[in-house]
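Structure first, then comments.
Residue numbers (our numbering): 984 to 1138.
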């Protein structure tokens, strides 16, 4: 039984890595400077609960092209800051995570716009409005989220 679980876990890692690699290639085409992102890092990042109460799960991310792109960029931004990826970053480095999340959202919306996925953009604009209700958000982040709302609400 242990061998079966180990085999299933390995298969899951391989399948997640394949998805990551597809979007890694896409991001390179858009000249986004990306480091190597590993399936285990994505899994590790989602192990804990988000302090913000965000309910998006790893399964949600793996089922959504745009959420996966967002998370790949967010992890990449955190790695560019020299951080080791883990769920604890959400608590220990919350300002850096917020910054990485903001950058990932900007890229996600730009790519979705380029793909003409206006339905996804409308969904994310609703999310952004809820993020702006968070009193702990920095003025810079708030301004940048408001700029995204203004830019993409017109379309």
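The beta-carbon is built from N, C-alpha and C at its ideal position, and this holds for glycine as well. Here the structure is a predicted model, which is why all the values come from computation and not from measurement.
Using a 10 Å radius around the Cβ and a threshold of 16 neighbouring Cβ atoms, would you call residue i buried or exposed?
{"i": "residue 1128", "result": "buried"}
{"i": "residue 1080", "result": "buried"}
{"i": "residue 1088", "result": "buried"}
{"i": "residue 1011", "result": "exposed"}
Hey, would you say residue i sits closer than 8 Å to residue j, going by beta carbons?
{"i": "residue 1028", "j": "residue 1051", "result": "no"}
{"i": "residue 1060", "j": "residue 1086", "result": "yes"}
{"i": "residue 1007", "j": "residue 1017", "result": "yes"}
{"i": "residue 1078", "j": "residue 1066", "result": "no"}
Against chain D, does residue i count as a neighbour if the rule is that its beta carbon must be under 8 Å from one of theirs?
{"i": "residue 1095", "result": "Of the protein chains in the structure, only one exists, and it is not chain D."}
Taking the C-alpha atoms as reference points, what is the distance between residue i and residue j?
{"i": "residue 994", "j": "residue 1022", "result": "11 Å"}
{"i": "residue 1068", "j": "residue 1134", "result": "31 Å"}
{"i": "residue 1048", "j": "residue 1097", "result": "14 Å"}
{"i": "residue 1013", "j": "residue 996", "result": "26 Å"}
{"i": "residue 1064", "j": "residue 1083", "result": "9 Å"}
{"i": "residue 1040", "j": "residue 1024", "result": "14 Å"}
{"i": "residue 1137", "j": "residue 1005", "result": "30 Å"}
{"i": "residue 1045", "j": "residue 1009", "result": "16 Å"}
{"i": "residue 1109", "j": "residue 1001", "result": "30 Å"}
To the nearest whole angstrom, what separates the beta carbons of residue i and residue j, a pair I think is in contact under 8 Å?
{"i": "residue 1103", "j": "residue 1056", "result": "Their Cβ separation, rounded to whole angstroms, is 15 Å, which puts residue 1103 and residue 1056 out of contact at 8 Å."}
{"i": "residue 1026", "j": "residue 1003", "result": "In fact, because the Cβ distance is near 11 Å, the residues do not count as touching under 8 Å."}
{"i": "residue 1132", "j": "residue 1111", "result": "6 Å"}
Just to confirm my understanding: we take residue i, look at its own chain, exclude 5 residues before and 5 after, and list those with CB closer than 7 Å. What are they?
{"i": "residue 1092", "result": "1104, 1107, 1131, 1135"}
{"i": "residue 1125", "result": "1115"}
{"i": "residue 1043", "result": "1050"}
{"i": "residue 1120", "result": "1114"}
Return the chain-ordered list of same chain residues with a C-beta closer than 8 Å to the C-beta of residue i, the five sequence neighbours on each side being excluded.
{"i": "residue 992", "result": "none"}
{"i": "residue 1100", "result": "1049"}
Using a Cβ-Cβ cut-off of 6 Å (strictly less than) and excluding sequence neighbours within five positions of residue i, which residues of its own chain qualify?
{"i": "residue 1062", "result": "1018"}
{"i": "residue 1117", "result": "none"}
{"i": "residue 1122", "result": "none"}
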